[in-house]
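Participant: Here's a structure for you.
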Amino acid sequence: MSQEQKDHVEQSVQAEESDVTAAPLNSTPSPDSAPVEKEPVAAEGTTTTEGATKRGTTGKKRTRARGRLVNAEEVMPRPSIWPLGMAFSIAFVLFGVIAGPIFLGIGVVLLLVCCLGWILERR
Amino acid sequence: MATRTIGEHTTVTTTGVRRKRFSESYIGEWITTTDHKQLGLMYLITGFFFFVVGGMEALLIRTQLALPDGKVLSPQVYNQIFTMHGTTMIFLFVIPVLSGFGNYVVPLMLGARDMAYPRMNAFGFWLLLLGGIFMQSSFLIGQAPNGGWFMYAPLSELVAGHAFEATPHMNADFWLLGTTLLGISSITGSLNFVVTIFKLRAPGMSINRMPLFSWMILVMSFLLLFALPSLTVASVLLLLDRHMGSHFYQYGNGGDPLLWQHLFWSFGHPEVYILILPAFGIISEILPVFSRKPIFGYTFIAWSGVAIGFLSFTVWAHHMFAVGLPSIAQAFFATSTTLIAIPTAVKIFNWLATIFQGKIRLYTPMLFALGFIAMFLIGGLNGAALAVVPFDYQITDSYFVVAHIHYVLFGGTALAVFAGIYYWFPKFTGKLMDDRLGKWHFWVTFLGLNLTFFPMHIMGILGMPRRVYTYPANLGWNDLNLMASIGALIIGVGVIMFMINFIKSLKYGQPSGDDPWDAFTLEWDTTSPPKKYNFLEIPVVRSRRPFYDKKYPEHADWKSVVEH
Chain A
1 MSQEQKDHVE
11 QSVQAEESDV
21 TAAPLNSTPS
31 PDSAPVEKEP
41 VAAEGTTTTE
51 GATKRGTTGK
61 KRTRARGRLV
71 NAEEVMPRPS
81 IWPLGMAFSI
91 AFVLFGVIAG
101 PIFLGIGVVL
111 LLVCCLGWIL
121 ERR
Chain B
1 MATRTIGEHT
11 TVTTTGVRRK
21 RFSESYIGEW
31 ITTTDHKQLG
41 LMYLITGFFF
51 FVVGGMEALL
61 IRTQLALPDG
71 KVLSPQVYNQ
81 IFTMHGTTMI
91 FLFVIPVLSG
101 FGNYVVPLML
111 GARDMAYPRM
121 NAFGFWLLLL
131 GGIFMQSSFL
141 IGQAPNGGWF
151 MYAPLSELVA
161 GHAFEATPHM
171 NADFWLLGTT
181 LLGISSITGS
191 LNFVVTIFKL
201 RAPGMSINRM
211 PLFSWMILVM
221 SFLLLFALPS
231 LTVASVLLLL
241 DRHMGSHFYQ
251 YGNGGDPLLW
261 QHLFWSFGHP
271 EVYILILPAF
281 GIISEILPVF
291 SRKPIFGYTF
301 IAWSGVAIGF
311 LSFTVWAHHM
321 FAVGLPSIAQ
331 AFFATSTTLI
341 AIPTAVKIFN
351 WLATIFQGKI
361 RLYTPMLFAL
371 GFIAMFLIGG
381 LNGAALAVVP
391 FDYQITDSYF
401 VVAHIHYVLF
411 GGTALAVFAG
421 IYYWFPKFTG
431 KLMDDRLGKW
441 HFWVTFLGLN
451 LTFFPMHIMG
461 ILGMPRRVYT
471 YPANLGWNDL
481 NLMASIGALI
491 IGVGVIMFMI
501 NFIKSLKYGQ
511 PSGDDPWDAF
521 TLEWDTTSPP
531 KKYNFLEIPV
541 VRSRRPFYDK
551 KYPEHADWKS
561 VVEH
């Protein structure tokens, strides 16, 4: 690794160490946040408080552009077992096509159960 | 008030201690995940696992053919091995690995938090894994597919319509059902990519500012959506022939075996571009970063990818020149095949112009990218030769064709995949891969692939047919075959070096920081590995190199470049 890249990596690691990671998310990028009205991209390392202070000094419009602050778990998709169940039951149905009606029947029942589970699962 | 401790085994509430959910256990988290990054890694790991399986099948083939009159495998097993080698490498290695890169990187590149349909994303992965296990499990009962990766009818029929049984056991069924499962997986993945790319781009990222890797994933997704139905129809008709007594492909009963070839290759040739276009995208990301220049001719590279996509649907019958097509059809398909070389050459010239007078940094990803250009050029040129009908007559179904496809798919796609792994490994893990070992890996692989596949051109011209089980000693093919087999072993050594590097770097790798390559695109504008939500704030994009603009505001592209 060249000296140039070593320096670059060191700077990058230091920046990462000083990063505060548990900050809430801005989930709704607004069309108001057009580049002309805002700095190109806000630094990711800023904490919520620092960010609020910065924005507080720069006026109402920028505060609105930042959008609602939400928890990560609210906006990220939840884990689900149904994709695996659905894939397994489709594989079973196709196997049943050549292996016989019993396998096919089990596969169809599994498929229906997984379809219902998938549809009824709360997001 | 309820309090929640993230990362602990239990959650303490005012009402007591809640049991840990299944999805919070280590195994459960992987099984139930809908996070595009985790799924991307699962795709990559699965694809690499099948690469090793397909590689071992290749070594068995080369061991059988190393010497004349070889008896390492029985003819029946040999048929199964070469069929599964092609099937594994195409359906279970290249497509999953490219989808893995797409899954992991595309949402990050676009400034999105996840794919558009996270659960469907997980569904696609599980179908792929089950389809792969289903197909490989056929070896356990000694009935692996044995009709070639193209499963030509009537060889794949239960009864060929004449007085012989073609494939009376379940061999072909495993292939037909396995590829159907993989097809459903690819369709779901493609839909997800298309919607993600069209709907989830960060503010300011117009389609004309999108990274080229995302462009190529978009084109690949459309190709899959339009090409796969053809394979599915062909497979269903063959299943009906085999199990329901229909005669779609049985000449003796009024069917037409050529129908299979038309249906299969109208999927199969777009498939070749499905396998190579994302590789073009990877190269188009790596070359500018390691040349310290913006990509040359962005618009031409993006739209030549689209042109290749369109043209790929017009060339399928060049696989069938020898079946006796009418002259007008031969002329049409020869012309369209030659035409497709133009947008491909456009890309190569643009890549060369990108590195021309650049401040080149020869790290491992760049070495693999340069190797890709050289090897793909050979594969492309001998592909153009195959478009010449009289020449094709001479070498059709010979080892020349094997050389061509391996220069394109191993010298091309596989080198690009390795380039992508070395390039994005720091993003996946927060660690750098060992560059010295990586360079050894490159040179060993480069030597091995040329030693294996270049002699195959000569074997083909000397008349050695592909898929042949063995050969007598007096045909002049002995030395070339031995050379190819030694080359295959060298490739195997290269793969072992890569695995050692991968595991070693994963455990003891040097921390990379967030942006070890001083890169240009948004995936580097977040932590390595990224947090579950990807970006603390959705970035705003003003040019084709948004992260470069952020790091070097005084030289930002948007200050000097006018884009539409």
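Going line by line, the protein sequences match chains A and B.
So the first sequence is numbered by my numbering: it starts at 1 and just counts up by one.
So the second sequence is numbered by my numbering: it starts at 1 and just counts up by one.
Using N, Cα and C, we set each Cβ at its ideal position, and we do this for glycine too.
1) Any beta carbon from chain B within less than 8 Å of A:Val109's own beta carbon?
2) If you count every other CB in all the chains shown that lies within 10 Å of the CB of A:Val109, and 16 or more means buried, which is it?
3) Checking 8 Å against the spacing of the C-beta atoms, do B:Tyr152 and B:Gln76 come in under that value?
4) For my contact list, B:Ala144 and B:Gln64 are in at a C-beta cut-off of 8 Å; report their separation, rounded to the angstrom.
5) To which residues does DSSP link B:Pro511 through a beta bridge?
6) Three or more C-beta pairs under 8 Å: does that hold for the region 238-246 of chain B against the region 307-314 of chain B?
7) Taking 7 Å as the cut-off, does the CB of B:Ser137 come closer than this to any heavy atom belonging to the ligand ATP?
8) Taking all protein chains shown into account, decide if B:Pro168 is buried (16 or more other Cβ within 10 angstroms of its Cβ) or exposed.
9) Give the C-beta separation of B:Val444 and B:Met497 to the nearest angstrom, bearing in mind that I take them to be a contact with Cβ-Cβ under 8 Å.
10) When the cut-off is 8 Å and only beta carbons count, does B:Arg113 lie next to chain A?
11) Thinking C-alpha only, which one of B:Ala353, B:Ala279, B:Gly268 and B:Val388 is nearest B:Phe368?
12) For the structure I just gave you, are there three or more beta carbon pairs, one from the region 500-514 of chain B and one from the region 434-454 of chain B, closer than 8 Å?
13) Between A:Arg82 and B:Thr196, what straight-line distance do the alpha-carbon atoms span, to the nearest angstrom?
14) State the Cα-Cα distance for the pair B:Gly412 and B:Pro529, rounded to the nearest angstrom.
15) Which residues in the same chain have their Cβ closer than 6 Å to the Cβ of B:Leu237, if we skip the five residues on either side of it in sequence?
16) Is the CB of B:Glu29 under 8 Å away from at least one CB in chain A?
17) Do you know whose CA, among B:Phe264, B:Trp303 and B:Gly255, lies nearest B:Leu277's CA?
18) Using a Cβ-Cβ distance cut-off of 8 Å, determine whether A:Val113 contacts chain B.
19) What three-state label does DSSP hand B:Trp558 in the structure shown?
20) Give the residues of chain A in contact with B:Trp440, contact being defined as C-beta atoms less than 9 Å apart.
21) Can you find a CB in chain B that lies within less than 8 Å of the CB of A:Ser89?
22) How long is the line joining the alpha carbons of B:Ala403 and B:His269, rounded to whole angstroms?
23) Tell me the rounded alpha-carbon separation between B:Phe290 and B:Met366.
24) Measuring only between beta-carbons, confirm whether A:Leu104 sits less than 8 Å from chain B.
25) At 9 Å on the CB atoms, spell out the chain B contacts of A:Leu120, in chain order.
26) Cβ of B:Arg19 less than 8 Å from any chain A Cβ?
27) Give the range of the alpha helix (DSSP H) segment to which B:Ala353 is assigned.
28) So if DSSP puts B:Ser398 in a beta bridge, which residue, or which two residues, is it bridged to?
29) Within this structure, are the beta carbons of B:Phe372 and B:Ile283 separated by less than 8 Å?
30) Would you decide whether B:Tyr78 is buried or exposed? Buried here means 16 or more other CB atoms lie within 10 Å of its CB.
31) Any chance the region 388-395 of chain B sits against the region 184-196 of chain B, with 3 or more Cβ pairs inside 8 Å?
32) Are the C-beta of A:Pro77 and some C-beta of chain B separated by less than 8 Å?
33) Within 10 angstroms of the Cβ of B:Arg62, are there 16 or more other Cβ atoms? Answer buried if so, exposed if not.
34) Would you say A:Leu116 faces chain B, with C-beta separation under 8 Å as the test?
35) What separation, rounded to the nearest whole angstrom, lies between the Cα atoms of B:Thr88 and B:Val495?
36) Given a threshold of 16 other Cβ atoms within 10 Å of its Cβ, counted over all protein chains shown, does B:Phe333 qualify as buried or as exposed?
Facilitator: Let me lay it out:
1) Looking up residue 109 of chain A in the first sequence gives position 109. False, the Cβ-Cβ gap to chain B never drops below 8 Å.
2) The residue given as residue 109 of chain A occupies position 109 in the first sequence. It is exposed - the Cβ of A:Val109 has fewer than 16 other Cβ atoms within 10 Å.
3) Position 152 of the second sequence holds residue 152 of chain B. Position 76 of the second sequence holds residue 76 of chain B. It is not a contact, given that the beta carbons lie outside the stated cut-off.
4) Taking the first residue of the second sequence as 1, we reach residue 144 of chain B at position 144. Taking the first residue of the second sequence as 1, we reach residue 64 of chain B at position 64. In fact, because the Cβ distance is near 15 Å, the residues do not count as touching under 8 Å.
5) Along the second sequence, read from residue 1 onward, the residue named residue 511 of chain B stands at position 511. DSSP output for B:Pro511 lists B:Lys431 as bridge partner(s).
6) no
7) With respect to the ligand ATP, the structure shown offers nothing to examine, as it has no ligands at all.
8) Against the second sequence, residue 168 of chain B aligns to sequence position 168. Classification for B:Pro168: exposed.
9) The residue given as residue 444 of chain B occupies position 444 in the second sequence. The residue given as residue 497 of chain B occupies position 497 in the second sequence. That pair is a contact at about 6 Å.
10) Along the second sequence, one-based indexing puts residue 113 of chain B at 113. Answer yes: the Cβ-Cβ gap between B:Arg113 and chain A drops below 8 Å somewhere.
11) To locate residue 368 of chain B, count along the second sequence from 1; it is residue 368. Measuring from the Cα of B:Phe368, the nearest candidate turns out to be B:Ala279.
12) yes
13) Mapped onto the first sequence, residue 82 of chain A falls at position 82. Mapped onto the second sequence, residue 196 of chain B falls at position 196. For the record, residue 82 of chain A in the displayed sequence is Trp; it is not Arg. A:Trp82 and B:Thr196: Cα-Cα distance of roughly 21 Å.
14) Walking along the second sequence from the start, residue 412 of chain B turns up at place 412. Walking along the second sequence from the start, residue 529 of chain B turns up at place 529. Between B:Gly412 and B:Pro529, the C-alpha separation is close to 28 Å.
15) Working through the second sequence from its first residue, we reach residue 237 of chain B at position 237. Correct list, in chain order: Phe248.
16) Locating residue 29 of chain B in the second sequence gives position 29, counting from the first residue. Yes, its Cβ sits closer than 8 Å to a Cβ of chain A.
17) Counted from its first residue, the second sequence places residue 277 of chain B at position 277. Residue B:Trp303 is the option with its Cα nearest to B:Leu277.
18) The residue you call residue 113 of chain A lines up with position 113 of the first sequence. By this cut-off, A:Val113 is not an interface position.
19) Working through the second sequence from its first residue, we reach residue 558 of chain B at position 558. It is helical.
20) Working through the second sequence from its first residue, we reach residue 440 of chain B at position 440. Chain A residues near B:Trp440: none, gap ~15 Å exceeds 9 Å.
21) In the first sequence, counting from the first residue as 1, residue 89 of chain A sits at position 89. For A:Ser89, the answer is no, since every Cβ of chain B falls outside 8 Å of its Cβ.
22) Here residue 403 of chain B refers to the residue found at position 403 of the second sequence. Here residue 269 of chain B refers to the residue found at position 269 of the second sequence. Taking the straight line joining both Cα atoms gives about 17 Å.
23) Translated into the one-based positions of the second sequence, residue 290 of chain B becomes position 290. Translated into the one-based positions of the second sequence, residue 366 of chain B becomes position 366. Answer to the nearest angstrom: the Cα atoms are 6 Å apart.
24) The residue given as residue 104 of chain A occupies position 104 in the first sequence. No, because no Cβ of chain B sits closer than 8 Å to the Cβ of A:Leu104.
25) Translated into positions along the first sequence, residue 120 of chain A becomes position 120. Within 9 Å Cβ-Cβ: nothing; A:Leu120 doesn't reach chain B, min ~13 Å.
26) Within the second sequence, residue 19 of chain B is the residue found at index 19, counting from 1. No, B:Arg19 lies away from the interface with chain A (no Cβ there is under 8 Å from its Cβ).
27) Within the second sequence, the letter at position 353 stands for residue 353 of chain B. Element bounds for B:Ala353: Ala341 to Ile355.
28) Taking the second sequence and counting its residues from 1, one reaches residue 398 of chain B at position 398. The partner list for B:Ser398 (beta bridge, DSSP) reads B:Pro465.
29) Locating residue 372 of chain B in the second sequence gives position 372, where the first residue counts as 1. Locating residue 283 of chain B in the second sequence gives position 283, where the first residue counts as 1. Cβ distance < 8 Å, so B:Phe372 and B:Ile283 count as in contact.
30) Looking up residue 78 of chain B in the second sequence gives position 78. Result: buried.
31) no
32) Numbered from its first residue, the first sequence carries residue 77 of chain A at position 77. By this cut-off, A:Pro77 is an interface position.
33) Locating residue 62 of chain B in the second sequence gives position 62, where the first residue counts as 1. Under this definition B:Arg62 is a buried residue.
34) The residue labelled residue 116 of chain A in the question sits at position 116 within the first sequence. It does not: the Cβ of A:Leu116 has no partner Cβ on chain B nearer than 8 Å.
35) As a working note, residue 88 of chain B is residue 88 in the second sequence. As a working note, residue 495 of chain B is residue 495 in the second sequence. Roughly 17 Å between the two C-alpha positions.
36) Residue 333 of chain B sits at position 333 when you count from the first residue of the second sequence. With 16 or more Cβ atoms within 10 Å of its Cβ, B:Phe333 is classed as buried.
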